Amino acid sequence: MELTALKAGLIGLLISFAVVYLVTPHFIPVLRRLKFGQAIREEGPQSHLAKSGTPTMGGLVIQLGVVVVFILLSAVTGFWDFFPVIVMLYFGCVGFIDDYIKVAKKHNLGLRAWQKLVLQCVGALAISLYAYNCSTIGSELIVPFMHQPVDFGIWYIPLTFVAIVSIVNAVNLTDGLDGLASGVTLIVSLFFFVGSLILPESATAIFIGSVIGGCLGFLRHNSNPAAIFMGDTGSMALGGAVVVMAIVTQLQLFLLIAGGLFVIEALSVVIQVGYFKATKGKRFFRMAPIHHHFELAGWSETRVVTVFWVVTAIFVAIAFICLV
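Written as structure tokens, this is what we have:
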């Protein structure tokens, strides 16, 4: 059976959506029985304390949807591209370890920052080296407003390494409000889905379509008020998924544009920490990441999420303009 990239991607989207949409309601009671509830930071917005105990690790279901699609449609098309799925699962595993420590010890600390960074850097280095030496990826990147790829040579490795670590952490930071990370990731993934259609194989479109479908299905249960959180298990997996989409489509540079909301979230934390240290205790934002700043400014959680979705859609539109 021969499928076009577009058709395969859309089929993958629908299957992943169905898996996540249908499995999640049955997974929530399991997490409750295991007492895998979210611990809420006491220094965070006080309105979030009511969310304490909400089942977490829902990102496992999103990954399940992607894996099911990968197995089914790869068998149909005969094109098995393990790379994107392995990248997503690797960072999902890092997030799972972090979440498990949190729920096992019943606090929200998880892995130490340096432990998490080491695991991320090991994965990022391996992925960068593989992509650099892969005949279907290589060291070329598509540059905004240019109609042909540019070969970055050996500089491709550090550039991709930084992109991986940065985006994985940025998506992780964005996951702070009901439906925020899953919605933003869905919108950003649409950009890379279109980018994948220029490739001759359908496997990339299948992967991206399955991530979109997984996010869409998860949003049904993760939108405000959330019945389940994705946890670091989901946010890191989605961070890995987004960055590997960019790698296989040679669109890493467009992460700065299409993923502009992720960049803003991460920069808000950097600015907050830097300003706090420089001024010996003063804060630039009411709270970081920046979505909490707007919450404390009086915005409702749903308003923040909706506005951030719209901002992401604008960034994606700008990215399309720069691509074509």
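Per UniProt numbering, residue 1 is the first one in the sequence shown, and the count goes up by one each step. In this text, a Cβ means the ideal position worked out from N, Cα and C, and glycines have one as well. Quick caveat: nothing in here was measured; it's all calculated off a predicted structure.
{"Item": "D232 - containing alpha helix (DSSP H), residue span", "Value": "231-248"}
{"Item": "Length of the line joining the Cα atoms of S128 and G298", "Value": "42 Å"}
{"Item": "Spatial neighbours of residue 333 in its chain, beta-carbon cut-off 6 Å, leaving aside the 5 residues before and after", "Value": "Nothing about residue 333 can be read from this structure; the chain reaches only from 1 to 324."}
{"Item": "Cβ-Cβ distance between L117 and D98 below 8 Å", "Value": "no"}
{"Item": "Beta-carbon spacing of G53, F91 below 8 Å", "Value": "no"}
{"Item": "C-alpha distance - S268 paired with S139, whole-angstrom precision", "Value": "31 Å"}
{"Item": "Sheet register partners of P55 (DSSP bridge)", "Value": "G37"}
{"Item": "Distance, L72 Cα to M1 Cα", "Value": "Note on M1: pLDDT 45, under 50, position unreliable in the model; the coordinate value appears next. So the alpha carbons of these two residues sit roughly 12 Å apart."}
{"Item": "DSSP state of V150 mapped onto helix, strand, coil", "Value": "strand"}
{"Item": "Nearest-angstrom Cα separation, counted from G78 out to E301", "Value": "44 Å"}
{"Item": "Cut-off 7 Å between Cβ atoms - residues of its own chain near V150, not counting five sequence neighbours on either side", "Value": "E140, L141, V143"}
{"Item": "Counted within 10 angstroms of its Cβ, other Cβ atoms place P289 as buried (16 or more) or exposed", "Value": "buried"}
{"Item": "DSSP beta-bridge partners of E295", "Value": "In the DSSP output, where bridge partners are listed per residue, E295 has none listed."}
{"Item": "Straight-line gap, A113 to I318 (C-alpha atoms, nearest Å)", "Value": "34 Å"}
{"Item": "Alpha helix (DSSP H) segment containing F191, residue limits", "Value": "180-196"}
{"Item": "Rounded C-alpha distance that separates G12 from L3", "Value": "11 Å"}
{"Item": "Simplified DSSP state of L141, which is helix, strand or coil", "Value": "strand"}
{"Item": "Inter-residue spacing [alpha-carbon to alpha-carbon] between V68 and L180", "Value": "25 Å"}
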